[in-house]
Each structure stands twice: as C-alpha cells, then as structure tokens.
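*Asks:*
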RNA sequence: GCCCAGAUGGCGGAAUUGGUAGACGCAGCAGACUCAAAAUCUGCCGUUCGCAAGGAUGUGCAGGUUCGAUUCCUGUUCUGGGCACCA
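In our numbering, the protein residues as written are 35 to 952.
1) Assign residue 233 to one of two classes, buried (16 or more other C-beta atoms within 10 Å of its C-beta) or exposed (fewer than that).
2) DSSP state of residue 786, grouped into three classes?
3) Fully enclosed by the segment 689-717, which beta strand (DSSP E) runs are 3 residues long or longer?
4) I need the DSSP call for residue 897, collapsed to helix, strand or coil.
5) Measure the C-alpha to C-alpha separation of residue 795 and residue 154 and round it to an integer number of angstroms.
6) Just to check my reading of the structure: residue 499 and residue 229 have Cβ atoms closer than 8 Å, yes? What is that Cβ distance to the nearest angstrom?
7) DSSP state of residue 441, grouped into three classes?
8) When DSSP builds the beta bridges, which residues end up paired with residue 103?
9) Reducing DSSP to helix, strand and coil, say where residue 558 ends up.
10) Please work out which residues of its chain come closer than 7 Å, Cβ to Cβ, to residue 476, disregarding the five sequence neighbours upstream and downstream, and give them in chain order.
11) Output yes or no for whether 7 Å exceeds the beta carbon distance between residue 807 and residue 883.
12) Alpha carbon to alpha carbon, how far is residue 609 from residue 128?
13) Which one or two residues does DSSP pair with residue 682 in a beta bridge?
14) Would you tell me roughly how many angstroms separate the C-alpha atoms of residue 173 and residue 166, rounded to the nearest one?
15) Can you name, in chain order, every residue of its own chain whose Cβ lies under 7 Å from the Cβ of residue 249, other than the five neighbours on each side?
16) So residue 628 and residue 594 are in contact, right, with Cβ under 8 Å, and what is the actual spacing, rounded?
17) Where do the N-terminal and C-terminal ends of the alpha helix (DSSP H) with residue 463 fall, by residue?
18) Do the CB positions of residue 400 and residue 337 come within less than 7 Å of each other?
19) Looking only at its own chain, which residues have a Cβ that is under 7 Å from the Cβ of residue 320, when we skip the five neighbours before and after it?
20) Can you tell me whether residue 954 is buried or exposed, with buried defined as 16 or more other CB within 10 angstroms of its CB?
21) Give the straight-line distance between the Cα atoms of residue 503 and residue 861, rounded to the nearest whole angstrom.
22) If I'm right that residue 675 touches residue 732 with Cβ under 8 Å, what's the distance once you round it to whole angstroms?
23) Can you have a look at residue 727 and say buried or exposed, based on whether 16 or more other CB atoms are within 10 angstroms of its CB?
24) Would you kindly check if the distance between the Cβ of residue 310 and the Cβ of residue 487 is under 7 Å?
25) Determine the DSSP secondary structure at residue 200, reduced to helix, strand or coil.
26) Could you check the C-alpha separation between residue 703 and residue 560 for me, to the nearest Å?
27) To the nearest angstrom, how far is the alpha carbon of residue 193 from that of residue 524?
28) With 16 other CB atoms within 10 Å as the buried threshold, where does residue 567 fall?
29) Pull up the DSSP beta-bridge partners for residue 941, would you.
30) Within 8 Å, do at least three Cβ pairs link the segment 927-935 to the segment 888-908?
31) Go through its chain and collect everything with a Cβ distance to residue 894's Cβ below 6 Å, but skip five positions before and after it.
32) Which complete alpha helix (DSSP H) runs does the segment 520-593 hold, if anything under 4 residues is left out?
33) Tell me whether the segment 262-272 and the segment 236-254 touch, counting them as touching only if at least three CB pairs, one residue from each stretch, are closer than 8 Å.
34) Mind pulling the beta strand (DSSP E) runs of 3 or more residues that sit fully within the segment 355-414?
35) Taking 8 Å as the cut-off, does the segment 546-554 touch the segment 92-111 (at least 3 CB pairs, one atom from each stretch)?
36) So, at 6 Å on beta carbons, what are the nonlocal neighbours of residue 776 in its own chain, with the 5 sequence-adjacent residues on each side left out?
Here it is in structure tokens:
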C-alpha cells in the first residue's frame, strides 16, 4: 500500500469539517490558550509561499497546545476594509464589496488546502456591518472619554464636565464654564477627547486623495503606492495616542516581544528627558521657551534658534530685519517636506534682530530662525550649543558666530563633540563638574530660580484617524452647527451606503460627500483608517456572534490575552501600537480585564524570492548562458523561476512562455549553440539573485502547485524545515523532495508496498524506546521554543533510527504519530486510524518522555590534548576524576602525545570531556 | 549619523548554560537493484598534505580572556532591518 497523499488529505479535510473538530467553546473547566495570526488583507493577488509561513507555525502551535490538554482558540478572519480594494474599484469600476468577497473566497480555498485548524465559525470581517458596528462603538468610547492624568487613565467625558462644573480649570472658573455657550464648551472638551477633531497640518497624498497617518508615510512618500505626500491644513479626526505614550512604553516591559520589535516601538514613541527653560528677550516682554536634553551645557549657549513657524517670530523681529525674515519665511514655505529631507545637510537660517539674555550670565544672545528646528517638537525653539551639537556647529560656522568652548580639550575646534563625559569649563557654577553630574545640578538650580522646569518629551504625535475615502467604517458622527455629535449606541451600525463612483467630494472630501442623503443628514464624510478594525479584532473572536456587546466580559475574562500572536514585523509601529492603545482604553473604562493585548509576539521572517535571469544579446533574439554573458553586450531579463531547475533553464518551456521567445536561439554554457530537437546537449545556465517575492519579478511560487504535487503535509513541514520561523530566507523549491521522502519513509514503517500492513503489537525493545523517548523530549522542547526547523530534523532522525532498528511496533509508532500531528496532521490522522483508533488523533494526549529510557551508563568521552581533540575513550559515566585519569593515561594516543612526560594537568568534566594539558 | 539583528561547507541550516563544529536536508560523486527508467538502498562528501595511518588548517577580519571560544570581551568590515535636522 502506497502513500497516496492527495486522497488522504482530501478525505480528512472533509472529515474534520463535517465532524467540526476545530470548533471550540469556552469551558471553565479547561485551561484556555489563545493563538492568533495577524489576519490578512484579502488582496487580489492570492497567496504565494511566503504567506502561509506564519499560519503554519501558528497551526502547529495550536494543535500542539490542544494535544497538551488546552482549550485552544485559533480563529481567522479578514481585514477587509482598506485602500487597495478602493484603488482597484477606481481602476476597474468593480465595487470593493464585490472584489473583497471574491478575494476572501480565493484566500479561504487556498488556506483550506493546507489543512489549517481554524474555527471558521468565529470568522470576522472588518467590512461586515455586524463587525464594524462595534468598531464604531469603540470609536464612541474614545470620543466620549478623556485622559485623566492624575488618575493616569481614561475616564468618561462626564467626569471632566463634572470637574469643570464644580471647580473649573486652570484656564477658567466653574461659573465661567457654566456660562460658556455650548459651542465653546464643546471646543474645550474637544481638547480632551481621546478621539477628537481638529484643524491642523496633515500628511496629504494627492494621488490617493487622502490623508495618511505618520506611520503610513515613508520618507515623504505614501507607504501604499509610493506617491508623494505633502503637508496640508485640514480638519481631521485624531486619536490622542500621546496620552498613552508613557504606558505604551512601560507596557513593553510586561510583554514577550523581540528586542528589535520593542526597540522600534521605543524609537517611535521617542521619549526624552530634559528641561524647558525661558530666555528673556532684551527690551521686550516676550520670553522664548526652549527645550533641551542637555541643561549641563547651558553656559555653552551662543545663540537661540526658533522654528520658522514659531508663533513669536513676528513679535520679536526687529524693524531692520523684517524684510530678511519675511524673505526667509517665503523661502521656507516654498520648500516641500521632501526637499527639506533631501537637503538636510544644507544650512539655512535668518537673524531676527532680537537678542535673548542668558539666564545666568545676562549676556546677549542673538536669536535666529532656521529650518532645522521643527515647530512640532519640544517648544519649537532651541538653545544652540555649537561646541557640543553638530547642527549648531554647522550653523555657527555658516553665520560666522563665535563658539564658546565649555569642554576644554574635548573640543578641537573642527567639529562639535556631543560627549557627556567631559569636565565642564567656562561654566560658572558648573565649572569642574563632569557633565553627567552637572545635569542634575543645573536642573536643580534652574528649577529653584524659577527659570524653567524638568520636562519629558515624546516624538510620537497624535494619530490621524480620518481618511477621505469610501471603503472604510463611517464615523458615527453628525455635524450639527459645527459641533460633532455622536450617534446613540442604538443607532449603530451606521451603514456604509452604496456608491457607484469613488471620486473625491467637492472640497477634497471623501466620496461620501457626493451622496445627497448622506450630507443631508450631516454625517461625517470621511471614513476610518485601515487600522481601526484591526485594533480590536482579537476581542471579537472571543465572542463573535454577540449582538448586544462587542465582547462579553465573561468571554474576555475566560480567553484573556492572546498567548501567542504571529505575524510580520511590518506592523511594528502601526497596528501593534494602535491595538495596544485601544486595549488600554477598554481596560481603563472597565470593559476588559487586561491592558496589553498580546502576551507573546512571534515575527515570522520574510520569504524572499529567488529570481532567475537570462541574458539577451542586445538587438537580437539570442540568449547567452551565464558564463559566456560577458563576451557580449547583454540585457538581463527575469525569467519565470518555475521554468528553471536549479539554475538550468528549461529551454522548451521558455520558448513557449511568450510569443516573442518562440524563435529565440541560445548559446549554452559550453559556448556551443543550442539546436532544436537534439538530445543531450549542454545546459543554459541562468543567473540567480535574491529579491522580494513578486509577480513582476517572476519569482513567485504558488503553494497550490506544491500542495498538489507533494501534499499539504510535505508543504507544511518543508516550510518549517527551511530555517527558523523568525529568519528571512530565500525560497528554494528543490529541497522539498527531502521532506517528501521522509514522509514516505514514515509510511513504510506502517505499510509495505507489497505486503500492506507491517506494524505489529509486539512489545518494544529498550533501544526502540530510547529512540522514542529521546524524540519526545527533543520535539516537545523544540516546539515549545518555536524551533520548528530543528523539530522537523528530529522527526527525520527518529524515523531514520526506527527504520534502522526495523521497528514496526504499534506502541512506539502511535506515540510518534501524536508528536507528528501538529506538523503533518493528515498523514498522522490516516495512520492513527490504520492503527485501529476510531476518534481523531487531536483528542489523544501528548506523550510524556520518561527519564528511565534515556539513562546511559557509559559515554564515548572526547579526549583533547592541549585543547585539540585527539581521540575518544569509552568510559563508565559513574567514573570519577581519579579513575578517569588512570584510564586516559593508559590510552595509546594519549601516551604517544605525552612522549613519556607527565601531564601538567588533566581536566575532567564528568559526562562531558577530558582535556590533557602538557 | 543613531539604534537593533546577523555573518558557520557548493546551498538551507544545526551546535539550550564555553566542552567532539558542520546534526538534518538539498545538490554532487561512486556503487547495488533494473533490459531500462522511476522508486529504493549502501558508501563518500569543509579546505589541504598523505597510498594509508595520521597531520595541518577552518565558524567575516584583527586581537584578548580560558585547560578549552561558533559561543564571552575589545576593536573592525560587511549584510539586513528600523529611525533620522527630535535639540
């Protein structure tokens, strides 16, 4: 009986589906475990072999945990709102709802073939009204909450109103508040809401016709599509994520994310400690507030620089300098963000004519404006210390400003030295102090003299939360007399209306602005961004069909945090930060019992494509093989990787690929010309390069093809065998044969091609049990540590050894099948039933290894002379140093190296090794 | 420029706390079975000297610590990723 994987896999996939083996329900009597994949955006391109990597890993872990007795929640769904579907709609006229539905079907079909254990009864789709009703509901929670900094948590907006009514604020009294008109009250409250609308500079992408969040803009271009992004003033919705900056930072200490992932989030949040201090402008009332992280360098300040957009610029500019300043402001305005970014090294600026007074020395310090100071960070003004900061140094040199040296020989006059270790000079009361100590001394003095205060700053900005697009969640908001008013919970969902056209609205608004019935009801015309639905989806899976709440407290208490979250690193600062924030808000408001969504995060690496190239001689239809390509002037062309075996081109397939190649001729690796119809000719060798896997590079490999050819079990194991899940690696289909051979070898432990069944009920030998128990130990610990590649190799070792031992014992084999179930579920299930079991192998319990089968009595000790391995000696493991030394000295090889001399020392590590020092 | 991760055979990779470097697999070579092919099986397989036994050398590079270093430390080069006039 042979291993007919396609029949077996089809049979069991149908059986599992009809028996609903993957359906889970909350069960207080069982320990829960939650394994989550980052749900996919259902793009039209379908899956390539890179996509399922993480899904296979999570599937293995889910099945493993289930066999270990856990009640495992392992759901799947689709992040189905978003830009690409709408872009596609604009291009083809097909409604996003239609293309999304079709794409989801394709995805599910492809996923199904790989045999994943998702509980599809819990599927969510973010574009489904039953789902986005609750996204809108969470938005209302954000809109109707504020961050109470003294309680350090979000609270309903009513508590803020109550506070204002009873005791006012630092800006107004209680009675003033009571007498404010409603618009004024709402305006004030808007400064506190966690989701708020405000007029400000946004990232505007003309090509996409929408605003983007900071993390969706890369070097001045949109992340999606790579279109230019400019700054534009617009009314927008924002998420007050900065209120959570500290807690988002602190929470990283309580989660198991990779160091690089934490680092990325920390950088994005960008916490820095420093001080704000005031500089009095000479002869004026104005003070300029600067932010610095180096108060220790206060005596090195030679000038101040303000951002051109700083609100005090006009006030302090002297009459003499007005023209210059205005010219400079004009110049700055004319420059796009991208120009500024590209020309970072170029120094520009302008003197304002004003002087500030040094708070300690009273000296006059010129005040400049310059592009290199950003309006949005700190106070928008800095104190420049040219001997310690390279940008300040370059600026001082450019404008011929004097440079005060406060760090003695640490400053060499040719460049700034940003050290923190120098001893301060020319620094008044700080003289003689190392900079690190001076920091606190300066801060204390500044605070006690009332010149400034300690201040923590964050680089992170509030996140833009509206998009001028159609395919997203409508805001549950109506604009009444210029005030945004939230819908009642009972009125949710506010359904996304059907549109025929996706063009922008009258004034750069979203397509919804073109709908008469929409604008007549004064609904907000922008929609929520892609990350809205994905910020809380992990909660909905716990209670997906609940019509009355987003997720019952009972469900979220039972399933708790996601135990293992698997996905790519591309969501490091976007999705992960937003969903961490939403979780904290829901926690603060008492809707859930934990404030970090994901306990452990595993980032699967990217599978790169391995591209192949052919070389066409310029101006001809002749192609030349790799070794000979430098003899000609050639153009390098991508060739479909599926036509190439290793690096050898399948010339016939290539000629049939595109009509233009039908008449192509070839010069082979040996320099001979390829001739039609001749057999045993030389080879055409292709060039090879690792690139991103993409259709345009013809280096994509479709999992469906591999599943068809080798089966899902082989495909799953091969993806894991490729290397560590977290590593990026190029795809190479060649090695898949090895894994397939392994599964056939396993099959032959149970079945013989001629005789059929060969497994027996005979008792196992000690040697067989040793192989089994060592495998259990190794595979269990590898699986626990997500080291799936080494687990696969452990399976291979185990089957190789059992084959050598001719072991066909049911006792051993059935335990092996349970171990294999997470990795190769179909073949395991089939053989499990062949062994006579009636129920699914998933209901078996994971075998435990027993120390007693693993104990060794002797060991082949490696024996080194002066650290170099020279021989091995078999010795009893109970042997102590003294007896071991005797045996070692008797050894022939050791004696040869000793040349009759006595060793200086013999190092003996019991159970490990021996080293003889001569 | 700053931060993080990494560098091991022809290739993917292994070596959990410093203790036999190269597990497992691919590719390659030689052989068995076969009329032949497929499948399967056996042996070899870092480099180098040697008929062999056995040496020398070897984990990006240069040092160091240690009886012993792929592993720890210092410096350095390169690759990948993130951030970037953030004061």
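From the three backbone atoms N, C-alpha and C, an ideal C-beta is built for every residue, glycine too.
What you are looking at is a predicted structure, and each value in this text was computed from that prediction instead of being measured.
*Replies:* Reading from the atomic positions:
1) exposed
2) strand
3) 699-701
4) strand
5) 39 Å
6) 6 Å
7) coil
8) In DSSP, residue 103 forms no bridge with anything.
9) coil
10) 329, 330, 332, 464
11) yes
12) 28 Å
13) 679, 719
14) 10 Å
15) 607, 608
16) 6 Å
17) Neither: residue 463 is in no alpha helix (DSSP H) and is coded neither H nor E.
18) yes
19) 346, 349, 350
20) Here the chain comprises residues numbered 35 to 952, so residue 954 is not present and cannot be evaluated.
21) 48 Å
22) 6 Å
23) buried
24) yes
25) helix
26) 60 Å
27) 23 Å
28) buried
29) 949
30) yes
31) 906, 908
32) 550-554, 565-568, 571-574, 587-593
33) yes
34) 384-391, 398-403
35) no
36) 830
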